[in-house]
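Residue numbers (my numbering): 410 to 774.
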């Protein structure tokens, strides 16, 4: 022990050795910060502050070239560590800032006259400028990280909402049809075979929609033949809705409109009809006829779905429940359209009316 102290004590009290060791530790911590930024910043700050505190008691003057180079390296290393500490919002940021603020005091080590209070303040101000610069840089990087994370969270939220709308618009519609067909088959056994055939068709459609959603979740390119839906597909949709039901569904699409409207607006129009027909099945009572009209209104596209039902139990307000119309209104707004849903008139019934731009170019910015 005595031998070890006898060997280490001259090294510890040698200014050049202390400065070199302190700078080496700071540089090593910069290289090591990727594994543990908080620990690296803490170690470098403690060693630097300890070296600054011990230097006035050292026995030999420093070598000027060595002292200047090591001071520069240690300053840059502590600034880099302070940037990382502030960026990570770690508790080591304060320690690194204090060590960096006190670092210029080492310039007084070889001074024959002890520094006065003004010199100490000026040197600490120089160190605080370096510390403030590093802290501002770290804060800026932290704000960029937060914005990037917020953008990622918002993108994921938008994707979840899009998938939820897809499931509701297509799979939910098909499953509702399956449930109603099964219930009808129980009431009317003579319709069982027709109901089973229709259930098979609707089930296959639901599986296709689900497969499309799963492929999208896996990051695969959308299948061009996937059931995106458009004005040209409304006849098939209305046919599936009316088959096997005692509901007369009338469809009128203005000639040539399917080719004139954009793909985006056509897909939204299709989903409007899907949602309206799904609500008729789920909520409306006593429906005998549904009228679906798609045409032009001014410079835009108009979709109107009207039924003659009496509404769900408890009044027409039940038709507004759930997320269907809310999600549909959001989707309509994304392409610059408007949605209005409410009673069709004094005679009863319910009307869903949507206006859409003919093309994305017509969407307001």
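Note that beta-carbon positions come from the ideal geometry of N, C-alpha and C, so glycine has one too. This one's a predicted model, so the numbers in the text were calculated from it and none came from an experiment.
- Your pair residue 464 and residue 427 checks out as a contact, with CB atoms roughly 6 angstroms apart and the cut at 8 angstroms.
- Inclusion of residue 502 and residue 439 in the CB contact set at 8 angstroms is not warranted, their separation being larger than that value.
- The C-beta distance from residue 684 to residue 737 rounds to 5 angstroms, short enough to meet the 8 angstroms contact threshold.
- Three or more pairs of CB atoms, one per stretch, sit closer than 8 angstroms, so the stretch 524 to 544 contacts the stretch 481 to 488.
- Bridge pairing for residue 657: 698 [DSSP].
- Linking residue 700 to residue 648 through their CA atoms gives a straight-line distance of about 13 angstroms.
- Secondary structure note for residue 750: its beta strand (DSSP E) is the uninterrupted segment 747 to 752.
- In terms of Cα proximity to residue 716, the closest of 734, 703, 688 is 688.
- In chain order, 715, 759, 760 place their CB closer than 7 angstroms to the CB of residue 753, counting only its own chain and leaving out the 5 sequence neighbours on each side.
- Non-local beta-carbon contacts of residue 458 in its own chain, meaning distances under 8 angstroms to residues more than five positions away in sequence, involve 504, 507, 508, 511 in chain order.
- Its Cα nearest to that of residue 493, the residue 549 stands out among 671, 569, 549, 565.
- Where residue 439 is concerned, the enclosing alpha helix (DSSP H) starts and stops at 424 to 441.
- By DSSP's assignment, residue 710 forms a beta bridge with 705, 765.
- Listed in chain order, the non-local C-beta contacts of residue 442 below 6 angstroms within the same chain comprise 449, 493, local neighbours out to five positions each way being set aside.
- Its Cα nearest to that of residue 432, the residue 455 stands out among 447, 445, 446, 455.
- Within the same chain, and ignoring the five residues on either side of residue 533 in sequence, the residues whose Cβ sits closer than 8 angstroms to its Cβ are 510, 511, 513, 514.
- If the five residues before and after residue 698 are omitted, its C-beta is found closer than 8 angstroms to the C-beta atoms of 656, 657, 658, 659, 716, 717, all from its own chain and listed in chain order.
- Within the stretch 444 to 514, complete beta strand (DSSP E) segments of at least 3 residues are not found at all.
- Secondary structure note for residue 640: it is in no alpha helix (DSSP H), with a DSSP letter that is neither H nor E.
- In this chain, residue 663 is not harboured by any alpha helix (DSSP H), its DSSP state being neither H nor E.
- As computed with DSSP, residue 715 is found in a beta bridge with 700, 760.
- Straight through space, the alpha carbons of residue 602 and residue 746 are spaced by roughly 42 angstroms.
- Nearest in C-alpha terms to residue 604, of all of 711, 680, 650, is 650.
- In the assembly as shown, residue 483 is a buried residue. Its beta-carbon has 16 or more other beta-carbons within 10 Å.
- By the criterion of a C-beta distance shorter than 7 angstroms, residue 682 is surrounded in its chain by 643, 646, 701, 712, 714, once the five residues flanking it on both sides are discounted.
- By the C-beta density criterion, residue 461 is buried, having at least 16 other C-beta atoms within 10 angstroms.
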